[in-house]
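Inspection log for the structure reproduced underneath, given as structure tokens.
Residue numbers (full-length UniProt numbering), protein chains in the order written: chain A, 1 to 413; chain B, 1 to 413.
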């Protein structure tokens, strides 16, 4: 269709079954268009009071006694994530550490369990920490990293994964959605071909958890990790999650033998004896204040339902595509079923455009080398937000006002 | 001296140069005597508003833009810890992960740097996570763990450390103060004998940081880790710290190659290239809400000064010793210069006594097999608190009312 008028956006918002959800978030600057929920989700309206009660009441008044409550959160929040977001069973998901540390633990556990296989397959275009963690594991063990070339716009081809996964491959580490383009990998297909080759697949769900239904069990997924601060809205650096299918627990021993992974932790026995279930993947004391913020954030998602969230996400993404202004090239799959929650646009001056756009009240983000990520979050992004953002982007490109900014690289992008 | 009257405690409080500091903490139940600051420190009065501002303003309004601020906290809080608490230089301390993960990272880095040495020395009576982490590292690498027998009351003898550290020892992992007895290890002496043998020492400061002056540089310490939720009052599961002496940075590469340890992190380059300084020991995105709580907690300690804190800690500990009721045996070093912040008492029924004491409004904690830990925290524990606690303990022992409780082990102690 041609360039839709703002009225179209207003009509889409009026008919939006998730319109109510925006009120579940704090929006202090109504003129700001926030399209970076794929990096840091907005603050849920219930979170400040929830966290404050944890601080004042549970810590301040309950003191150390509240550990009887806190001790269960990593697992109980994991169970909620499993049921409502990840398509997994109770006891298969737990909150713990950072995404990077969880990747390390699970990947190392697989490598220890399959010492005869000497290769790890990764996407050469995957998010840096995924690649770096694997590089470190491989370097220490003398393993080969098979880094598959992927298209920066459309992602990894299933054929290249199929060709790479042979009987020397212990582990395949892939992101469900590419951090740059949002291109989706076919989780079920990869799981199936890896299983035939005897390899284990570890999925990074950071860019899909909370914005589309993930079907870990139904797709035959072995292992997964992901952050909770993007579409899961749990706050900056909120604890990450990890998933391990129940039948894999006995064979997997992760290398960081911390006391939270110990069976009968407070017996404080002489030798490490890992807990029987998902608890064996825990390590140290969880950061309770940050963990607390996962709870109210999940409540909004549970109420909305990830299927409805995905439905709106697809329509928001298509609306972005309808509105891409001249001069920006779409650098994401155009087919919605091949794309996660964000749409990426390419421009040689993307870094300056991103900052100029922020000056015009539109927060997107920049990714090397020349990408502008547009990340509508269905729970709080309206169609008019997308329309206004693309309108301001259009003006900015027409005026070339961004050329007045310097081009020095940013420390944080 | 004989059993001092409560008036003595009141006089000590009246003369206490740190008496002002109690008002810097939230005390909602004035009848409760909290002697478990060695496990979870009290809530500083400034913390709720500080954390709330981070949640509402920095996250809620600033959104992803606040990462320009948050990105520096791990290092800037580390520098404050270095200067005011740990006796280290700027750039030698950083906040990161949990104590367990930090121990793993630093220990693994040492083992990788000294592959010809095949032994790790630990205290067989050290805190579980320290022993377990080392067991895991040793198991994976086929190394020997030399677990030194230590006295449950008085700790490890320097002679046994000296005898154990030979030229096959890569690493010595010790706690500065024993978690059970509070017995102190002589940091400078251990560092010196280890250096002569070519071994690296990694100190766990969890039970000393914030309650006595730690002199990492002056004692010639190589590496250290510790938590911030005990005497550092930063809240349940607050991020841990790690210290690495500056000259050791180039040789140490930790095994978890996460993107926060990468030089020029947001360039997102193809290969892991660790940051030049202390940043190379970082891994993933820090839990910002939990990290935030370190700031106001440190401010109180900076104002009080750890030397004054230690002075009061010693006097509080001696006051506990003066008041130990009949039936409890002192299970800590009686010499104050050999003891950290807490005093441990032994009784065959310590578990039931601990819970009965909680029912009488005195929170201590229990440690296997039969220990009651009494942990006065100088910033908020008054001498009358100690007096009242010991008085209630005396009554409880005289009445044997604790015998009415069941003796089933607790999940959390």
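No residue lacks a Cβ here, since even glycine has one placed at the ideal position from N, Cα and C.
Would you verify that the beta carbon of residue i is, or is not, closer than 8 angstroms to some beta carbon of chain A?
i, result
"residue 281 (chain B)", "no"
"residue 231 (chain B)", "no"
"residue 68 (chain B)", "yes"
"residue 144 (chain B)", "no"
"residue 376 (chain B)", "no"
"residue 301 (chain B)", "no"
"residue 338 (chain B)", "no"
"residue 164 (chain B)", "no"
"residue 239 (chain B)", "yes"
"residue 371 (chain B)", "no"
"residue 223 (chain B)", "no"
"residue 29 (chain B)", "yes"
How big is the Cα-Cα spacing for residue i and residue j?
i, j, result
"residue 95 (chain A)", "residue 404 (chain B)", "38 angstroms"
"residue 262 (chain A)", "residue 390 (chain A)", "52 angstroms"
"residue 213 (chain B)", "residue 149 (chain B)", "27 angstroms"
"residue 325 (chain A)", "residue 393 (chain A)", "7 angstroms"
"residue 18 (chain B)", "residue 24 (chain B)", "11 angstroms"
"residue 165 (chain B)", "residue 289 (chain A)", "41 angstroms"
"residue 83 (chain B)", "residue 89 (chain B)", "6 angstroms"
"residue 375 (chain A)", "residue 125 (chain B)", "52 angstroms"
"residue 234 (chain B)", "residue 74 (chain B)", "14 angstroms"
"residue 275 (chain B)", "residue 264 (chain B)", "8 angstroms"
"residue 137 (chain A)", "residue 118 (chain A)", "11 angstroms"
"residue 256 (chain A)", "residue 280 (chain A)", "10 angstroms"
"residue 380 (chain A)", "residue 241 (chain A)", "23 angstroms"
"residue 368 (chain A)", "residue 332 (chain A)", "15 angstroms"
"residue 327 (chain B)", "residue 201 (chain A)", "59 angstroms"
Can you confirm whether residue i, when its beta carbon is compared against all beta carbons of chain B, has any partner nearer than 8 angstroms?
i, result
"residue 368 (chain A)", "yes"
"residue 361 (chain A)", "no"
"residue 348 (chain A)", "no"
"residue 289 (chain A)", "yes"
"residue 351 (chain A)", "no"
"residue 404 (chain A)", "no"
"residue 55 (chain A)", "yes"
"residue 267 (chain A)", "yes"
For residue i, which of helix, strand or coil comes out of DSSP?
i, result
"residue 44 (chain B)", "strand"
"residue 339 (chain B)", "strand"
"residue 400 (chain A)", "coil"
"residue 167 (chain B)", "coil"
"residue 202 (chain A)", "strand"
"residue 329 (chain B)", "strand"
"residue 225 (chain B)", "strand"
"residue 373 (chain A)", "strand"
"residue 88 (chain A)", "coil"
"residue 212 (chain B)", "strand"
"residue 367 (chain A)", "strand"
Suppose contacts are defined by Cβ-Cβ distances below 8 angstroms. Is residue i in contact with residue j by that definition?
i, j, result
"residue 254 (chain B)", "residue 113 (chain B)", "no"
"residue 38 (chain B)", "residue 341 (chain B)", "yes"
"residue 236 (chain B)", "residue 237 (chain A)", "no"
"residue 310 (chain B)", "residue 211 (chain B)", "yes"
"residue 171 (chain B)", "residue 103 (chain B)", "no"
"residue 243 (chain B)", "residue 224 (chain B)", "yes"
"residue 40 (chain B)", "residue 362 (chain B)", "no"
"residue 59 (chain A)", "residue 69 (chain A)", "no"
"residue 294 (chain B)", "residue 208 (chain B)", "no"
"residue 100 (chain A)", "residue 133 (chain A)", "yes"
"residue 282 (chain A)", "residue 239 (chain A)", "no"
"residue 120 (chain B)", "residue 156 (chain B)", "no"
"residue 106 (chain B)", "residue 93 (chain B)", "no"
"residue 193 (chain B)", "residue 161 (chain B)", "yes"
"residue 395 (chain A)", "residue 352 (chain A)", "no"
Between residue i and the ligand FAD, is the CB less than 7 angstroms from at least one heavy atom?
i, result
"residue 390 (chain B)", "As for the ligand FAD, it is missing from this structure, which has no ligand bound."
Thinking residue i and residue j are a contact (beta carbons under 8 angstroms), I'd like their distance in whole angstroms, please.
i, j, result
"residue 49 (chain B)", "residue 48 (chain A)", "With a Cβ gap of about 12 angstroms, residue 49 (chain B) and residue 48 (chain A) do not count as contacting."
"residue 386 (chain A)", "residue 316 (chain A)", "6 angstroms"
"residue 43 (chain A)", "residue 55 (chain B)", "7 angstroms"
"residue 191 (chain A)", "residue 221 (chain A)", "6 angstroms"
"residue 339 (chain B)", "residue 189 (chain B)", "The Cβ separation is near 17 angstroms, so there is no contact."
"residue 259 (chain A)", "residue 129 (chain B)", "4 angstroms"
For chain C, is any of its Cβ atoms less than 8 angstroms away from the one on residue i?
i, result
"residue 293 (chain B)", "Of the chains in the structure shown, none is chain C; the protein chains are A and B."
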